[in-house]
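Here the structure comes first, spelled out in structure tokens, and everything after it is commentary.
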Amino acid sequence: MSHSEHSIERDSLAYAIEKHVEVHAQKCYQCGKCSAGCPVAEEMDLPPSLVMRLLQTEKSSNDDKVLRSESIWLCLTCEMCLSRCPMEIDIPSMMDYLRQRSRSEKKVNPKMKNIVSFHKAFLHSIQYTGRLFELGLILDYKRQSLKLTQDMMLAPKMISNGKLHFIPELLKDMPHITKIFKKTIVEGGSK
Amino acid sequence: MKIGVYPGCSLTGSARDYNESVFALAKAFDIELVQVPDWNCCGATAAHNLNRELSLSLPARILATAEKNGLDEILVPCAACYSRLIVTQHELKKNPELKNRINEIIGMDYRGTTKLINVIEWIDASIIPNLEGKITKPFDYKVACYYGCLMVRPNKVLNYDRAEDPQTMDIVMEKIGAHALYFPFKTECCGAGLSVSRTDTVSKLSGKIIEDAVHRGADTLIVACPMCHSNLDMRRPDINKYWKSDFKLPVMYVTQAIGLAIGLTPKEVGLQRHFVKVNIS
Amino acid sequence: MAEFEPKVVAFVCNWCTYAGADLTGTSRIKYASNVKIIRFPCTGRIDFMLLLKSFANGADGIIVSGCHPNDCHYTSGNFHAKRRWIMFKELMDFMGIDMNRITFSWVSAAEGARWAEVVNSTVDRIRKLGPYVSYKQMVNTTVEEEVINE
Amino acid sequence: MARIGVFVCHCGENISATVDCGKVAETVGKLKHVAFSTDYKYMCSDPGQTLIKDAIKEHKLTGIVVSACSPRMHEPTFRKAAAEAGLNPFLCEMANLREHCSWVHEKNEMTTDKAIDLVRILIEKVKINSALQPIRVPVTKTALVVGGGIAGIQSALDIANTGHKVILVERSPSIGGHMSQLSETFPTLDCSQCILTPRMVEVAQHPNITLYTYAEVESLDGFIGNFTVKIRKKAKSIYEKDCTGCGLCTTKCPQKKIPNEFEEGLGFRPAIYVPFPQAVPNKPVIDREHCTYYLKGKCKVCEIVCPTKAIRFDQPDEVIEVKIGAIVIATGFDIKRSNFFPEYGFGKYKDVIDGLQFERLASASGPTSGAILRPSDGQVPKNIVFVACAGSRDPAKGIAYCSKICCMYTAKHAMLYKHKVHEGKAHVFYMDIRSAGKNYDEFVRRAIEEDYVNYIRGRVSTIYERDGKLIVKGVDTLLGAQPVEIVADMVVLATAGVANPGAEELAQKLHVSYDSHKFFAEAHPKLKPVETNTAGIFLAGACQNPKDIPDSVSQASGAAVKVAALFSQSELTREPLVAYVNRTSPPMYSTCVGCFLCQSVCPYQAIEHEDFKTRDGKIIKTVAKINEGLCQGCGTCVALCRSKSIDLHGYSNNQVYTEVVALLNDY
Amino acid sequence: MNSIVSRAKELLENKSVQVIVGFEAGPTGKARPAFVTYPSKTDILIFDERCVQNLAVYLTKKEVKQFGKIGIVATLPIMRSIMMLISEQQVFAENIEILGVSTEGKYLDIADIQVMQGYIEKCDLSNPSNDQETLAMLNKMSMQEKFDYWQNELSTCIKCYACRQACPMCYCTRCAVECNQPQWIPVQANTHGNMEWHILRAMHLAGRCISCGECGRACPVNIPCHLLTMQLADQAHKYFNVYAGTSEKMSSVLSTYEPNDKESFIL
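Protein chains in written order, with our numbering: chain V, 1 to 191; chain E, 1001 to 1281; chain Z, 2001 to 2150; chain D, 3001 to 3667; chain U, 4001 to 4267.
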């Protein structure tokens, strides 16, 4: 049970984060160690400590800023922030949640669509073959992201080095995987 | 000696070299690796980015299958898969209700009894103690051991080596005759999660790692993760383009280095599959 | 019939309220003589059963008083007492026992005038409420039951 | 059979003006068990007291109720009178007819009736009072001061100057503590040793102070005024009376490469050594862990060169036992050291140092004679980074508190650096600047405005080494969390101030409480900051929490006054109004069931576990037990105890219950 | 269900515990407590909706403790009772193995006390919903109505102390009612004395009651005495934001305090 139940804005993003992934935004005292160590902080529109600060305000305009940010998609989940955070705030788990929220509220930053496309293509691949079919993934991603020429240089060499299959390996019990996807993604409604 | 193994998707595709070296090493040390039957993908970054339950269900199916087939211990050479599997074990142990929910999704009885070991743990336990007399060509090179993110973080869950300046891989390399360099980029991220979708970012991050290793005079980078390997090796043209340089530093799997040291041929450990030529034999 | 004179017991701590009541005296501030004080070392020592026993023995009202929070001579006795009273009050409310008949207060050693106020307002209130008939009836029926049983 | 006497006082007219004292005396005189009842003008006067004493003797009274003023006023008077007449003083109770009755009510029948009730309540109570013996304690007027840093020195001198004996015990070979290591002190930048050394010498020469250096407290027994302490005087391997402190041995010792503790590892010392030139006493000790003779069985160079033959290789440790009356704990603090910060490479990179190491570098008497030089290559650092809050305010590293002194000493360090390396650049990574204190904030502003120290608000994520430089990866949170990378020559970490190693063990030996960080705990955070929860033991300085010099000295003087006040009397008397846990016959031993919720309400840690065991040592039952020396008698445990196994002398369950019944029922 | 049996068997077989406290089907079709000491007998263990008793009461009983280490089938209220007993030093975590059962009646793999704590924290710890309704109804009554209600209910109490015997938190070897100096509670069963007893009991459980309702079920004359302790459990949460039995380290509501505890009735 959260100790802040009494005073936190119920419809704030910070409240939702606390409820779903048990990350307490007010714990952050803005030392910035996460931003200092984050490998992609320079590329982010909102470095992690700034995301924390925006959440602390519990203002819907700031929550919106976070959900529409590029940062949440640039986060690599490398866990450097968590491993060095003096308050042990689980920023990576929070980022997972923010990404899911950003998608369900249709607030994904347009510039980040291809990152989402890649993740979706990845899951597609597993959904239909049970394992990652790398060639299929690349083709599917290109179709979704319209980045038709990217990695064209890579594929031939991968094939010649024996690193790319042409035919996906199928699981014997594919219905099982289908069922798992049905129960999580389809019924969970976050597709 | 018999032990379970979960190769994961990469090892059957873009990281076949890693797979070959793991199996070659196992064979050389009389270890039978038994694959988890009909294993599926662990879901990797994509799953936990998009759907939490899916990100736990996929690994849970693998683990439940292992349990059903009596595999008490499984080696997971891919650091990314290892991380997903062990995080799943941790989450489900912590929360029995979630465990019930996941069991319902996968329709199996996952109990969480399988012991997961990463490749370094495996080498430590099964290879190093039997190394005596086996080394025919000491690996006399200056190496920069690159652990990446997933071998050491989250430290509290993995409980393996220390989060800052880990040492286990360095010690293994020293055992086969290498000189492990001081290397501060050991646990910096290579950018794996954005490998395909943000090539520029990856080139920048991976480039930093290579640049520092080169600067410190390394003959090769040593890795234990196919994600790291593909970024540092396959993405080399992008990296060189981004950095306006021509880094030729090879990137080897720890298993390949040990393989060479005990006299396996470069081909037996899959070195010919690398993008960046390995001038080490 | 004479006017109803409430019987009120006061349970007070030695260091604050007892001393505060002494100051009321030294300051010659007058208050109703219905209240009689029983001295305790600390409000933490006051057993909730004593409040029940007061009603059972015919009290119409009760005052419980001690040091203000953070001023306890023993650092924390009044904090423990506060929690005990919160729970006790909720239980009494739930069982229909009249909590308007109990005054809980903090009166410091410097608050002589305040003690007189606390006493007077309590006595006035109890006077308006009248004798605690329903509780007394319960106790009396009990006595009767016993007489019959014997 | 109780025989109670009641004495109603008129207090001149203070009571009798509104209360009919005669009627009160007469009415209660008729009550059961009241053997004697009277009223009198002034009970507290000599004749009044004589009246009481005579009545006690004449009527063989078993208890008395003096009905007069507030017990807070005259209870001691009448209890003393009772005692003089041979009646246990705790069989005397007072009814407060003045403050609680005559002064606050009008003259009428109700007021007199109330007076009668007030007396009746106490008659009923006193009937069941028990005869209690006051707890009397003589006071040994010698104080023990543990720790010879600035706080211990100040306390010892202050106590000694009031004319009382002091034993000062210091663990290391010299007094002086951390203050003797410091270069200059904020906010005045005066030389630390210059102001400290005279005090150290004064301690050594004071006739009332016995100084034991290289000594530790072994154990403590007893209670306030009556402690017995065992002190282990570690073998110095020197016969001090013969040693002249010439120092010849220290120059000839072949062991020269032992890291010097005083120099924080930045210099070396021999195995026979004086920690620093101004040490008190200025006589060497042999460090047996490093001495060649103790390690290999031969050498004895020091013995050969000693002109007075003062070396004693076979000297044993000596344990002495001393009786003392009060203790001042002044064991000081420590700072976090190597391996605490793997991400900062601390302990691995030679040029990442801590604050005390920087003090030694900046000190004129230090290893570099006051020049700021890199430990790795002796070069002058051109670019230096100071990291504040290195470990402080960092719950992940187990330290949630602010170390209080770092903001100030970091500003001082940056200033000292700029004063010595004019062309150098100094950066400070900080989270907040906490500079509350006289002339403190002005000092920090000076560093920024006049010495151009670059303050950056943000923490450092990591430090790594490349080409002999230290790459500091930090952030500027005031620029929207922009990453900042500084290529530095040297990094100084203001590591967290922590409790001294061994503080916990010492606290346990002395039976005082300590907090979760092993700092000693004060009895009350505001009103008893110098006292511990154990009577007779006081705190001074940074053993309580990190403190700067002015705070340490103030508290040390405060503690000294507490000791002096205690020593101003020859005997302490304590009222025996303490709690107790009942005991019954085996196999029950007590009705206490051992839930120990009482332990959690007790503010004085007075509740202990008592195990009842079988002959072969198996525990049958564990129950609560009250330590009478610590219990202050608040009775919170009594009211909490569900099985009614705890009771309180003077306010027992039976007594208070009886009072309620007496008050509400007619007579 | 099978998991309870297999886990129980496993624990007894590898001698991790000496006795399993669980449920078995009784001859009349009701569930009753079972004390299984042989692996072969674990088949009698059941768990279904009939199994509502708070088995934790046996953990402090000499007769059960003498077996050695105990495995116990634990639903949420039982887990919370265990937490309370550990925090009050009546049971030691190392002497106990938990065979968890979720609120849906499913087996829960509880590896240790920390896991149990994690589970408890995630559960709804408020009073059972039917009791909540009754409480709400009573709370709506006027003071006199409440007084009459309880006077009426308590007049039937025969002071058999079944409520006390059934409660895992009432483990005192001597109860306050047995104390006669002073005689806090009259010996006889009469309305006023009965009321004093039930107030005493409720206050002694204030902040310690884990809302299992066992006292009410145990009462032979059907006094809803569990409502008294449940009301206080509710209030303890309202005022102090704590539920009893959520941590092995917690001290009960009445033995701790926060300087900023809020109330509105103290002048």
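Ideal placement from N, C-alpha and C gives every residue a C-beta, glycine not left out.
Coarse secondary structure for residue i, derived from DSSP in three states
i, result
"V:I185", "helix"
"V:P175", "helix"
"D:F3429", "strand"
"D:D3221", "strand"
"U:K4061", "coil"
"V:S4", "With a pLDDT of 45 at V:S4, under the threshold of 50, the modelled position of this residue cannot be trusted; read the value that follows with caution. In the structure shown, V:S4 sits in coil (DSSP, three-state: anything other than H, G, I, E or B)."
"U:N3945", "In this structure chain U extends from 4001 to 4267, so residue 3945 of chain U is not present and cannot be described."
"D:L3470", "strand"
"E:F1139", "coil"
"U:P4033", "strand"
"V:L13", "helix"
Beta-carbon spacing of residue i, residue j below 8 Å
i, j, result
"E:T1045", "V:T77", "yes"
"D:V3285", "D:I3231", "no"
"V:V23", "V:I115", "no"
"U:F4023", "U:L4045", "yes"
"Z:G2044", "D:A3639", "yes"
"E:K1208", "E:E1188", "yes"
"E:A1218", "E:Y1253", "no"
"D:I3486", "D:V3385", "yes"
"D:L3663", "D:I3116", "no"
8 Å CB neighbourhood of residue i in its chain, flanking five on each side removed
i, result
"D:K3404", "R3434, G3497, N3545, P3546, K3547, D3548"
"E:V1143", "M1173, A1178, H1179, A1180, L1181, A1218, D1219, T1220, L1221, I1222, A1257"
"V:E9", "Y15, E58"
Where the alpha helix (DSSP H) containing residue i begins and where it ends
i, result
"E:V1282", "Past the edges of chain E, shown from 1001 to 1281, lies residue 1282 of chain E, and the structure says nothing about it."
"U:Y4239", "4226–4240"
"E:E1211", "1199–1215"
"Z:R2045", "Looking at the DSSP string, Z:R2045 is not in any alpha helix (DSSP H), and its letter there is neither H nor E."
"D:E3608", "That residue, D:E3608, is in no alpha helix (DSSP H); its beta strand (DSSP E) goes 3607–3613."
Host beta strand (DSSP E) of residue i (start-end)
i, result
"Z:W2015", "Neither: Z:W2015 is in no beta strand (DSSP E) and is coded neither H nor E."
"Z:W2106", "2102–2106"
"D:A3494", "3490–3495"
Sequence-distant residues of the same chain with beta carbon closer than 6 Å to residue i, five excluded per side
i, result
"U:V4297", "Absent from the model: residue 4297 of chain U. The displayed extent of chain U is 4001 to 4267, so no value can be given."
"V:A14", "A25, L55, E58"
"D:E3216", "R3171, R3232"
"D:D3221", "T3228"
- Query: Listed in chain order, which residues of the segment 1074–1099 of chain E have Cβ atoms closer than 7 Å to some Cβ of chain V?
  - Reply: Those would be none; no residue qualifies.
- Item | Residues in the segment 104–136 of chain V having any Cβ partner in chain E nearer than 9 Å | Going along the segment 104–136 of chain V in chain order, one finds M112, N114, I115, V116, S117, F118, H119, K120, A121, F122, L123, S125, I126, T129, G130, R131, L132, F133, E134, L135 with a Cβ nearer than 9 Å to chain E.
- Task: Anything in the segment 3610–3636 of chain D with a Cβ closer than 8 Å to a Cβ of chain Z? List those residues in chain order, please.
- Result: Within the segment 3610–3636 of chain D, the qualifying residues are Q3632, G3633, C3634, G3635, T3636.
- Task: Would you list, in chain order, the members of the segment 3332–3357 of chain D that have their beta-carbon closer than 7 Å to a beta-carbon of chain E?
- Result: Correct list: P3342, E3343.
- Item | Contacting positions in the segment 1144–1169 of chain E - beta carbon closer than 9 Å to chain D | R1162, A1163, E1164, D1165: these are the residues of the segment 1144–1169 of chain E whose beta carbon lies less than 9 Å from some beta carbon of chain D, given in chain order.
- Task: Anything in the segment 52–72 of chain V with a Cβ closer than 8 Å to a Cβ of chain D? List those residues in chain order, please.
- Result: Answer in chain order: no residues at all.
- Mind listing which residues of the segment 4236–4253 of chain U have their C-beta closer than 8 Å to chain Z's C-betas, in chain order? For the segment 4236–4253 of chain U, the residues whose beta carbon sits under 8 Å from a beta carbon of chain Z are, in order, A4236, Y4239, F4240, V4253.
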